[in-house]
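According to our numbering, the sequence shown is numbered sequentially starting from 1. So the structure is just underneath, and the comments pick up after that.
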Amino acid sequence: MRERKRLLIENGCYHIITRGNQKQRVFLEDQDYEAYLKRLRKCKKKFDLLIYGFCLMPNHIHIIGEAKKPVNLIKFMQTLSRSYTEYFNKKYNKVGHLWQNRYISKVIVKDVYMLNCIQYIEFNPLRANLVKSAEEYPWSSFKERVVSLTIKSGILDDLCI
């Protein structure tokens, strides 16, 4: 079966989702989350993406981001996924795929829906009963976004990372 083509647009904003292979955990300890965020920041700069929100769950990831050039989204996710897979496999003495299938990317409009989408992913840890408030979860953009919005009066340029 052929894979469906991605909808890629200039200056497109996307909700990106990727899940661990067979829904396995992709973050086993705090150091893993930190390693992923380090790679996320590096790839964001390299491929000129704006990241508006993110949430790293134990077995999957959500990112809300904007790619000025459509091809940069593909390169960003390929590089990020490969880099973290190499880290994870080396650290845990594993081989093979870490991620289930291709990542999902849904185009979203930069309006109230985008803000609702960011809030939805940041509240994921609450729905999964990992924390009692979004503020408590260290692996999402919630605290950084809320502080940034307070300081920057809601300017959504490069808020999180």
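Glycine included, each C-beta is placed from N, C-alpha and C at the ideal position.
Asked, Found
"Where are the beta strand (DSSP E) runs, 3 residues long or more, that stay fully inside the stretch 85-152, in chain order?", "104-108"
"Mark K44 as exposed unless 16 or more other C-beta atoms lie within 10 angstroms of its C-beta, in which case mark it buried.", "buried"
"Could you tell me the alpha carbon to alpha carbon distance between A134 and H15, rounded to whole angstroms?", "19 angstroms"
"Cβ atoms of Q78 and G20: under 9 angstroms apart, would you say?", "no"
"In its own chain, which residues sit with a C-beta less than 7 angstroms from the C-beta of Y87, not counting the 5 before and 5 after it?", "A35"
"Suppose the cutoff is 7 angstroms on Cβ atoms and the five residues either side in sequence are ignored; what does the same chain contact list for Y33 look like?", "F27, L56, W139"
"Whole angstroms is fine: what's the gap from Q119's alpha carbon to G53's?", "8 angstroms"
"Let me confirm a value: G12 is counted as buried when at least 16 other C-beta atoms fall within 10 Å, else exposed. Which label applies?", "buried"
"What's the call for H97, buried or exposed, on a 16-neighbour Cβ count within 10 Å?", "exposed"
"Once you ignore the five residues that flank E29 on each side, which residues in its own chain have a CB closer than 8 angstroms to its CB?", "none"
"Taking its Cβ as the centre, do 16 or more other Cβ atoms sit within 10 Å of E122, making it buried, or is it exposed?", "buried"
"Are I17 and I104 touching if we call contact CB-CB under 9 angstroms?", "yes"
"Quick one: grab the DSSP three-state call for L28.", "coil"
"Here's the rule I'm using: 16 or more other beta-carbon atoms within 10 Å means buried, otherwise exposed. How should Y113 be labelled?", "exposed"
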